[in-house]
Amino acid sequence: MALFLHVSDLASHFPSGCNILPVTATVPPVATCNQIVPLPRPALSWRTTLLFAVASGVAVSNIYLAQPLLATLSDDFGISAATVGAVVTLTQVGYGLGLFFLVPLGDLVDRRRLVVTQMVLLVATLAAVGTAASAPILLTALAATGFLAVVTQSLMAFAASLAEPVRRGRVVGVVTSGIVTGILLARTVSGALADLAGWRAVYLCSAALTLLLTLALHRVLPRAAKEPAAAPRLAYGALLRSTLALFAEERVFRIRALFALLIFAAFSTLWSCVALPLSEPPLSLSHTAIGAFGLAGAAGALAAAP
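Numbering-wise (our numbering), the sequence shown opens with residue 114 and increments by one.
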């Protein structure tokens, strides 16, 4: 049975000028204080969760699309076999810089605007890769693609913030599954599409798909609600410095980061080298066959499952 709270019992707990609303005991009292109080956050639907997962997977896949195409890129742009690995390296370097410089912006600006802006710019860089006429343009556009592909992390954080507490773990798991799927299928799809329509079609199709997802996200993602006055946020520079301070102060964080660095370095070194010998005699494998090697990562995903 609901019990009613009396205004006289609550008046002493709020500053003067606040409007106390009598409500039942099942709902906490609301003190407006002449400010806008955000409405309760709507439940994140499974359809929207799936959109987050697909968008995250497509975004992260863009940093792996070039790996089965190295031999073709080397021939088309006159890049030597010794340096064509820079195609992969610059994309990964761009992603690392994006993690440091772009992801923290989610704590400072409207996440909806941040996600949509990054996705629009990602469409532009993918189109630039697909239409590149020289090696410098190609490498610059690939680095920018990696830099903007960190929208995956912004999508993950946004989905977690929208989910109800009891469903947050499941929502994060679904989005993570989308990311893993994008990583595993990127090389396979890239190789198959390159054999069908050429390597440029890989990036132009990805740009078109990213644009469609951007329009869907722009329509579905909720706008930020006005919040009551709160403590001032850190400035952007201070936020970046706090990230460095965290790395310096937390030993476990440094150890885990080193492990991740070594694992990813081994992974990137393998894929920077494996495409060239597979495409040359005596194997002379097609892009599709080279891309299929990416499915070997599924074994690692299964082995890591609990």
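Beta carbons: idealized from backbone N, C-alpha and C, even for Gly.
Closest Cα partner of residue i within the set the options
| i | options | result |
| --- | --- | --- |
| M232 | T161, L203 and S169 | S169 |
| S174 | R226, T301 and L374 | T301 |
| R313 | T230, L239, A405 and L334 | L239 |
| Y316 | F190, T230, D189 and L235 | L235 |
| R336 | D308, A270, R226 and A299 | R226 |
| A254 | A405, T265 and A237 | A237 |
| L251 | G295, D189 and V285 | D189 |
| Y177 | A307, T230 and L297 | L297 |
| P249 | A310, G311 and G191 | G191 |
| P278 | T294, A361 and L157 | L157 |
| L186 | D223, A348, T230 and A245 | A245 |
| A310 | A276, G243, A361 and L374 | G243 |
| W159 | L375, G286 and A379 | G286 |
For residue i, the first and last residue of its enclosing alpha helix (DSSP H)
| i | result |
| --- | --- |
| F406 | Neither: F406 is in no alpha helix (DSSP H) and is coded neither H nor E. |
| V242 | R224 to G243 |
| D188 | L183 to F190 |
| G311 | It is not in any alpha helix (DSSP H) - G311 carries neither H nor E in the DSSP assignment. |
| R336 | Where R336 is concerned, there is no enclosing alpha helix (DSSP H), given that its DSSP letter is neither H nor E. |
| T196 | No alpha helix (DSSP H) holds T196; DSSP gives it neither H nor E. |
| Q266 | V264 to L275 |
| S392 | A388 to S392 |
| L347 | L347 -> no alpha helix (DSSP H), and no H or E assigned at all. |
| P249 | A248 to L261 |
| V216 | Neither: V216 is in no alpha helix (DSSP H) and is coded neither H nor E. |
| L167 | Note on residue identity: the sequence assigns Val, not Leu, to residue 167. Looking at the DSSP string, the run of the alpha helix (DSSP H) that includes V167 is W159 to S174. |
Rounded straight-line distance, which links the Cα of residue j to that of residue i
| i | j | result |
| --- | --- | --- |
| L330 | T161 | 9 Å |
| P341 | A305 | The predicted model places P341 with a pLDDT of 49, which falls under 50 and marks its position as unreliable; any figure quoted below should be read in that light. For P341 and A305, the distance between alpha carbons rounds to 52 Å. |
| L268 | A321 | 19 Å |
| G211 | E393 | 34 Å |
| F214 | L359 | 15 Å |
| S193 | F165 | 39 Å |
| L325 | V167 | 11 Å |
| A256 | R346 | 30 Å |
| G404 | R369 | 30 Å |
| A184 | L396 | 13 Å |
| P272 | R280 | Residue identity differs from the one stated: residue 272 is Ala in this sequence, not Pro. Cα to Cα, the separation comes out at about 11 Å. |
| E363 | A373 | 16 Å |
| T294 | V222 | 29 Å |
| P141 | A299 | With a pLDDT of 46 at P141, under the threshold of 50, the predicted position of this residue should be treated as unreliable, though the coordinate-derived value follows. Between P141 and A299, the C-alpha separation is close to 49 Å. |
| V365 | L371 | 10 Å |
| L401 | A348 | A small correction: the amino acid at residue 401 is Thr; Leu does not occupy that position in the sequence shown. When rounded, the distance between both Cα atoms is 47 Å. |
| V284 | L334 | 15 Å |
| A307 | R367 | 40 Å |
| G407 | A276 | 32 Å |
| P390 | F377 | 21 Å |
| A179 | S247 | 16 Å |
| G282 | A270 | 12 Å |
| A361 | L203 | 26 Å |
| S274 | V228 | 14 Å |
| R224 | T230 | 10 Å |
| V356 | L375 | The displayed chain sequence assigns Thr, not Val, to residue 356. Spanning the two alpha carbons is a distance of roughly 21 Å. |
| I149 | R332 | Confidence at I149 is low in this model, with a pLDDT of 43, below 50, so the placement of that residue should be treated as unreliable; the coordinate-derived value is given next. If you take the alpha carbons of I149 and R332, they lie about 24 Å apart. |
| A409 | A241 | 30 Å |
| L163 | A379 | 31 Å |
Contact with chain C by residue i, beta-carbon distance below 7 Å
| i | result |
| --- | --- |
| V171 | Annotation note: the requested chain C is absent from the structure, which comprises a single protein chain. |
Supposed contact pair residue j and residue i - C-beta distance, whole angstroms, cut 8 Å
| i | j | result |
| --- | --- | --- |
| R171 | T289 | According to the sequence displayed, residue 171 carries Val and not Arg. Their Cβ separation, rounded to whole angstroms, is 15 Å, which puts V171 and T289 out of contact at 8 Å. |
| S303 | L182 | 7 Å |
| V201 | S381 | 6 Å |
| I292 | T265 | 6 Å |
Proximity test, residue i beta-carbon vs the ligand SAM heavy atom, cut-off 6 Å
| i | result |
| --- | --- |
| R313 | What this structure holds is no ligand at all, so the ligand SAM is not there to describe. |
**Request:** Pair every Cβ in the region 256-266 with every Cβ in the region 197-208, then say whether three or more of these pairs are closer than 8 Å.
**Result:** yes
**Message:** If contact is defined by three or more beta carbon pairs under 8 Å, each pair taking one atom from either stretch, is the region 191-205 in contact with the region 377-393?
**Reply:** yes
**Contact between the region 349-358 and the region 214-225 (3+ Cβ pairs under 8 Å)** = yes
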